Each structure stands twice: as structure tokens, then as C-alpha cells.
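Sequence order for the protein chains is A and B. Going by my numbering, the first residue of the first sequence is number 569, and it counts up by one from there. Going by my numbering, the first residue of the second sequence is number 3, and it counts up by one from there. Beta carbons are placed, not taken as given, at the ideal position from N, Cα and C, and that holds for glycine. Nothing here was measured: the structure is a model prediction, and the numbers come from that model.
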Amino acid sequence: MTSVAANMLRSAVLLALVAVIGTSLLAGIHALTRERIEDQERRVVLEQLNQVLPPGEYDNALHEDVIEIRDIVSFGHDKAVRVYRARLQGRPMALVMNLVTADGYNGDIRLLVAIREDGEIAGVRVISHHETPGLGDPVELERSDWILGFNGRSLNNPTDLGWAVQRDGGIFSQFTGATVTPRAVVEAVQRVLQYFSKNQEILFELPAIEEGHDQNP
Amino acid sequence: MTRTPELKTIFMDGLWHQNTGLVVLLGLCPLLAVTGTVINGLGLGLATMLTLMASNLSVSLLRGLLRPEIRIPAYVLIIASVVTALELLMQAWMHDLYRILGIFIPLIVTNCAIIGRAEAFASRNQPVPALVDGFATGLGFCLTLVLLGALREITGRGALFADAHLMFGSLGDKLTITVIPDHPGFLLAILPPGAFIGLGLLIAARNWWQARRAESVHVAAVASPQAVT
């Protein structure tokens, strides 16, 4: 009996030893890489922001001046929308909104929309999506420059009915074999503009959230 | 204890005779999922290779210590630690590639080829042969991923080495080759069915080659029996 117990104990200790070695190895590597990984994540966020808003137009730490809003009426879902506030010498210059639309063909499409304080779009990018490769992916800048068609647009340019894909009577082209994807993007951008025109002032006033948690872009 | 085979035999087994992707057919989930382009295949292939080498080496070093009843949980612990370490390192130094391969890196843990080599080879052999076995098996897997990636990228997009900058930095931009100019894109090859069809073709090609070689050896043996020993 005792020899069985001793045997079991030996096995348990050995297994624990392997676990301890593995865990301490990981703890070491984590400590070594943590700072670099945070840097990399910050770099990715800033690179994406700079794609929609030229870095010369603001002088604050754009990726840190951020608030989160939820508004089911304006966006059609209650998922968090991140709003980055660009300022030049303290004056409000532009907002960059990071939001999802669930109206795509397959899952969420995540968008960045930058709007200057006069209501004009500085840029739009799709930063992640699961649309069909080859059909829905011309919303990516790497595949086509369709997304650049939003540059310089605003709520009155085109007017309300124009904010749709051509098949629905609007001015934005759809892709061969894929109407759902561009329709979802156009609708989401229009919603952002409407939200912006109603809430522009307060969006710049709200205190920025503490960084360091919920870093998901 | 079985006799350790020669290093050359270990190498050829991992690379060709027991190729994980084409003969043993293990680890097919990542193989089929990431091979849309050469670079994605290469990235996951190298990560798998490093994991195999590290896990084989650790298992071989610990083989005297690990008793039969705890060996499987110990392998799982070792492999999971190695993969997590690799994931952290990749996140720190190859962040853009990590963002593409992201969800497939943790899945390396579930690649049965790795625990298979730990159990079948590393636990019974010296560290050096175990390391060579990990390298050869990983290389065989990696080459399969790259081949399948190339096949799908050429037919699907008409290019090779797209997105190479994710792995090689600014150097990679010049690597991209347009194989078929103005390729309209062939969806089937990019989507998952293309992976199954491509893998099927690769396996068939390997079998055909193997059969042809066996035949020519046979013919040679008949012609001059003493030439083959």
C-alpha cells in the first residue's frame, strides 16, 4: 500500500515539476516581451488611425484621447463604439470612430471613419471583415480603391437618398456579385455622420477613458 | 529500447517517407486553413517546426524522468508552454504576421503530429536524434504548407509571395511575383474547397512519383541484380 502511495506521490511531484518549469519559462518570456507587445499594439492602432486622418492635422496623442459610446438607436446595435478625438493646440479638429456593422454578408465588419469638425469625411477604412474573398473584399483598400469614394463626402454631399449603393438608387457603386457588403458599409458610414451631426459638441467634451484595459481595436 | 536510426534515415523519414501532411495526414486543420498564400503557409510551417524541435528536445531530455503514467500530460504541458512562448515572441517581433496567423498559432498545440513525434520518437531517443527528427518532420510539414500555398496562390490570385513584407519587412515588398498578369482571380482555389482539392492533388502527385520510382528500382534490379543491395 505504502509503495503505491509513494509511487503516486512521485508521479505527482514530477508532473508538478514539469508544470513549474513550463510556467516559470512563460512568466520570464512574458515579462521580456510585454512592453514590446504593447508598443506593437499601439503602433498598429496609430497606423490605422493615420490611414484615415493625416498625422499633420492634429498634435495630441490621438490613440489616448479616446471615449467609448453605446447607442442602439443611432448604430442599430449596442456594441461599444470607440471615438478618438483629434485636436490641434487644444482645438477640436476631427473624430475617428471605430465601430462594427452587423449588416455584412458574414459577421461583423469593423470600420474606421474619420470626420473633420466641419462634417466632411477625411477617410474610411475597413479594418476587419469576414466577407467572401474575391466578392466582398473590394471594400479593402488593398483590393480596390472603392473605399476612397467616401473622402470629402458629408451628410449633404450627396443628399439623403444618394447615401446608398447604385442598385438602391444611390451614388455608391456595388461590386459584381456582392451588393450586401458595400450596402452595409455605406449605411454604417451614413449612420456615423448622422450621429456626428447630432452629438459633435459633447463628443469632444467627454473625459477620455483610462487606457490599459480593453485594448481590442 | 529500440535502436536509434541513422540521422540520414531520420531526416528522410520526416521529410519524405513519413511526411506529416502528405503521408501521415496529421495536422490537417491548420494545413488546410492557412495555405491561402505562400507566406501564411511559411509562417505557420516555421512556427510548427520550431515547436516540434523544442518539444522533441525537451521530451528527450526529460525521458528518463517521465514515467509512463504521467508522460501524456507532461507532453501536453511541454507543448503548450512551447507554443505559448512562441506566440508571445511572435506577437512581439512579427506582429503583423501574428495578426494574420493569430488564431492558428494556439492551434499548433492540437497538431497531433507534435504529440505523435514526442511519443513515438523523442521519448525513446537521445536529444540529438530527437532534435533532428523534430527538424525533419517540421521541415516536411512546412514544405507541404508552402507547396500547397503556392499552388493556391498561383491559381487563385495569379501571384506568389504576396504580403511577404509581413515576414521579411521592407525587403519582402520586392519579393512579390506576378505569375499571371491581370489574373481575374479564381475563387475556388482561395476558399477552403481549394485547399482540399490542392492537398488531394499533392498526395496523388507524391504517390505517383513514389510508384514510378519503385518501378524503376524494380526494373534496375531485374536487369542487374547485383547492383542493388
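* Asked: Within the present structure, is the beta-carbon of glycine 738 of chain A separated from the nearest heavy atom of the ligand MG by less than 7 Å?
  -> Among the components modelled here there is no ligand, and therefore nothing to report on the ligand MG.
* **Residues that DSSP places opposite phenylalanine 740 of chain A in a beta bridge** => A:Val733
* What residues from chain B crowd round glycine 590 of chain A, counting only those whose CB sits closer than 8 Å? -> Leu79, Ile80, Ala82 and Ser83
* Select from the stretch 157–172 of chain B all residues with a C-beta closer than 7 Å to any C-beta belonging to chain A, and list them in chain order. => none
* Starting from proline 129 of chain B, trace the alpha helix (DSSP H) both ways and give me its first and last residue. => 129–159
* Asked: Do the CB positions of aspartate 15 of chain B and alanine 166 of chain B come within less than 8 Å of each other?
  -> no
* To do: On a CA-only basis, which of B:Ala124, B:Arg159, B:Thr37 and B:Leu109 is nearest phenylalanine 198 of chain B? Give me that one, please.
  => B:Thr37
* To do: On the DSSP bridge assignment, give the partners of leucine 667 of chain A in chain order.
  => A:Leu679
* Proximity of valine 620 of chain A and valine 694 of chain A at Cβ, strictly below 8 Å -> no
* Just checking my contact of alanine 49 of chain B with isoleucine 105 of chain B at CB under 8 Å: how many whole Å lie between their CB atoms? -> Going by Cβ atoms, the distance from alanine 49 of chain B to isoleucine 105 of chain B rounds to 13 Å, so no, they are not a contact pair.
* Using a C-beta cutoff of 8 Å, does histidine 598 of chain A count as contacting chain B? -> yes
* Asked: Leaving out five residues before and five after glutamate 699 of chain A in sequence, what residues of the same chain have Cβ atoms less than 8 Å from its Cβ?
  -> Gly672, Tyr673, Asn674, Ile677, Asp705, Val707, Ala746 and Thr749
* Less than 8 Å separating the beta-carbons of proline 32 of chain B and asparagine 113 of chain B? -> yes
* For arginine 735 of chain A, is the classification buried or exposed, using 16 other Cβ atoms within 10 angstroms of its Cβ as the cut-off for buried? -> exposed
* Asked: Where DSSP assigns a beta bridge to asparagine 725 of chain A, which residues make up the other side?
  -> A:Ser722
* Environment of threonine 231 of chain B [buried if 16+ CB atoms lie within 10 Å] -> For threonine 231 of chain B, the predicted structure reports a pLDDT of 42, less than 50, and the residue's modelled location is therefore unreliable. A value from the coordinates is still provided. By the 10 Å Cβ count, threonine 231 of chain B comes out exposed.
* To do: Taking a Cβ distance cut-off of 9 Å, strictly less, list which residues of the stretch 62–77 of chain B are near chain A, in chain order.
  => Leu64, Leu67, Leu68, Arg69, Glu71, Ile72, Pro75 and Ala76
* To do: Compare the Cα-Cα distances from isoleucine 102 of chain B to each of B:Glu8, B:Leu44 and B:Thr22 and report the closest residue.
  => B:Leu44
* **Per DSSP, cross-strand counterpart(s) of arginine 693 of chain A** => A:Leu680
* Asked: To which residues of the same chain is leucine 774 of chain A closer than 7 Å at the C-beta, ignoring the five residues directly before and after it?
  -> Ile635
* Taking the alpha carbon of tryptophan 211 of chain B as the point to measure from, which residue in B:Leu24, B:Ile117, B:Val40 and B:Gly136 has its own alpha carbon closest? -> B:Leu24
* To do: In angstroms with no decimal places, state the Cα-to-Cα distance between leucine 150 of chain B and valine 219 of chain B.
  => 29 Å
* Asked: Looking only at its own chain, which residues have a Cβ that is under 6 Å from the Cβ of aspartate 646 of chain A, when we skip the five neighbours before and after it?
  -> Arg638 and Ile640
* Taking the C-alpha atoms as reference points, what is the distance between isoleucine 770 of chain A and valine 612 of chain A? -> 28 Å
* DSSP bridge partner residues for glutamate 636 of chain A (one or two, in chain order) -> A:Arg650
* **Burial state of asparagine 58 of chain B (16 or more Cβ within 10 Å)** => buried
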